[in-house]
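>
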């Protein structure tokens with residue numbers, strides 16, 4: 385069993401995921417669960433990684449850069465909540481919110497950098513939303529992690 389439980393994959397004859405994630409993940413009943421709130425690419429100084437604000441006030445958003453920053457921020461949250469004992473390897477389930485599904489491939493590329501082995505990746509859902517809390521954002525992720 386990996387540090388985030390046991391992944392289940394459908395047989396090769398079933399529909400396979402478009403990125404690295406299992407169809408399901410089981411965790412032992414003795415594990416504690418951390419619920420990580422929706423997390424963005426916002427930095428401590430209030431700026432947003434993956435967002436360039438132009439002179440005319442419009443924003444250029446890079447979903448790949450934002451996804452990488454979101455995952456780093458989630459790693460920081462989990463490490464803080466577990467006194468450094470756990471990180472992204474303990475995530476068992478994640479929900480990804482995108483403002484534009486055309487960014488799906490860029491988000492997946494960053495996801496797959498973190499979890500190259502889909503048998504160790506968290507279960508995942510990705511949905512498009514009308515907006516996120518700030519116009520400088522195009523991705524937010526909430527997740528649950530397991531601590532033994």
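Numbering (our numbering), first residue to last: 385 to 532. Note that CB positions come from ideal geometry on N, CA and C, so glycine has one too.
Closest to residue 501 by C-alpha separation, out of 488, 405, 412, 392, would be which residue?
Numbered from 1 along the chain shown, position 117 holds the residue referred to as residue 501. Nearest Cα to residue 501 within the set 488, 405, 412, 392: 405.
> Evaluate residue 528 with the Cβ neighbour count: other Cβ atoms within 10 Å of its Cβ, from every protein chain shown; 16 or more gives buried, anything less gives exposed.
In the chain shown, residue 528 corresponds to position 144, counting from 1. Buried.
> Within 10 angstroms of the Cβ of residue 508, are there 16 or more other Cβ atoms? Answer buried if so, exposed if not.
Along the chain shown, read from residue 1 onward, the residue named residue 508 stands at position 124. Answer is buried; the Cβ neighbour count reaches 16.
> Thinking C-beta only, is residue 464 closer than 9 Å to residue 452?
Along the chain shown, read from residue 1 onward, the residue named residue 452 stands at position 68. Along the chain shown, read from residue 1 onward, the residue named residue 464 stands at position 80. The answer is no: Cβ separation not under 9 Å.
> My parser needs the alpha helix (DSSP H) runs of 4 or more residues fully inside the region 417 to 505; what are they?
Entirely contained in the region 417 to 505, the alpha helix (DSSP H) runs reaching 4 residues are, in chain order, 447 to 465, 488 to 498.
> If you reduce the DSSP assignment to three classes, tell me which class residue 513 lands in.
Start at 1 with the first residue of the chain shown, and residue 513 comes out as number 129. It is coil, neither helix nor strand.
> With 16 other CB atoms within 10 Å as the buried threshold, where does residue 392 fall?
Position 8 of the chain shown, counted from the start, is the residue given in the question as residue 392. Under this definition residue 392 is an exposed residue.
> Within the same chain, show all residues whose beta-carbon is closer than 8 Å to that of residue 438, passing over the 5 residues directly before and after it, in chain order.
Numbered from 1 along the chain shown, position 54 holds the residue referred to as residue 438. The residues are 444.
> Are residue 447 and residue 530 close, meaning C-beta to C-beta below 9 Å?
Within the chain shown, numbered from 1, the residue matching residue 447 stands at position 63. Within the chain shown, numbered from 1, the residue matching residue 530 stands at position 146. No; because the gap between Cβ atoms is not below 9 Å, this pair is not in contact.
> Rounded to a whole number of angstroms, what is the C-alpha to C-alpha distance between residue 441 and residue 484?
Within the chain shown, numbered from 1, the residue matching residue 441 stands at position 57. Within the chain shown, numbered from 1, the residue matching residue 484 stands at position 100. Between the C-alpha atoms of residue 441 and residue 484 there is a straight-line separation of about 20 Å.
> Taking 8 Å as the cut-off, is the beta-carbon of residue 444 closer than that to any non-hydrogen atom of the ligand GTP?
The model depicted lacks the ligand GTP and carries no ligand whatsoever.
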